[in-house]
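**Q** Have a look at this one before I ask anything.
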């Protein structure tokens, strides 16, 4: 695997700014997905924090304490794991428009940040405080956007 750039966001607004910068300046892919695909994936993963996850994802609830203890610190690190397969419902198609998907990501982040109540329990980590869910989504955005370089 190629060397990826270090990338960490203080919050999701920084991730939106990074996506807009990549769109404006152009980028080179060092992974499987384009900017549009990454942004669509991020929307697909973070919108359920507001809307709720499919009920079948709660089947893994008994494993949440173990997953939270073992995987969450790695996800939040500067070198989150690569190559973990995602559920098909979170895999973006390959014919997406970068500009439209960056806009959709920005709108999703705005909606997520404006959500007044508690977020839905994360399928892997369970119910977490608002700040931790936002930290997870920011780390997830950095994990994927680090595969694109200007």
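Residue numbers (my numbering): 74 to 223. Ideal Cβ positions, reconstructed from N, Cα and C, are used throughout, including at glycine. Here the structure is a predicted model, which means the values were calculated and not measured.
Candidates 89, 94, 86: which alpha carbon is nearest residue 222's?
**A** The residue you call residue 222 lines up with position 149 of the chain shown. The candidate whose alpha carbon is nearest that of residue 222 is 94.
**Q** What runs of the alpha helix (DSSP H), each 4 residues or longer, lie entirely inside the segment 191–218?
**A** Listed in chain order, they are 203–218.
**Q** Pairs of beta-carbons, one from the segment 156–171 and one from the segment 80–89, closer than 8 Å: are there three or more?
**A** With the cut-off at 8 Å, the segment 156–171 and the segment 80–89 do not touch.
**Q** Straight-line CA distance for residue 91 to residue 135?
**A** For the purposes of this step, residue 91 is taken as the residue at position 18 of the chain shown. For the purposes of this step, residue 135 is taken as the residue at position 62 of the chain shown. For residue 91 and residue 135, the distance between alpha carbons rounds to 36 Å.
**Q** Grab the span of the alpha helix (DSSP H) containing residue 96 for me, first residue to last.
**A** Taking the first residue of the chain shown as 1, we reach residue 96 at position 23. First-last of the alpha helix (DSSP H) with residue 96: 85–98.
**Q** Compute the distance between the beta-carbons of residue 182 and residue 109, then report whether it is under 9 Å.
**A** Within the chain shown, numbered from 1, the residue matching residue 182 stands at position 109. Within the chain shown, numbered from 1, the residue matching residue 109 stands at position 36. No, they are not a contact pair.
**Q** Note down, in chain order, each residue of its chain lying with its Cβ closer than 8 Å to the Cβ of residue 260, except the 5 sequence neighbours on either side.
**A** Given that the chain is displayed from residue 74 to residue 223, the structure contains no residue 260 and the question cannot be resolved.
**Q** Quickly, what does DSSP pair residue 101 with across the bridge? List them, please.
**A** As a position in the chain shown, residue 101 is number 28, starting the count at 1. For residue 101, which the question treats as bridged, DSSP gives the partners 222.
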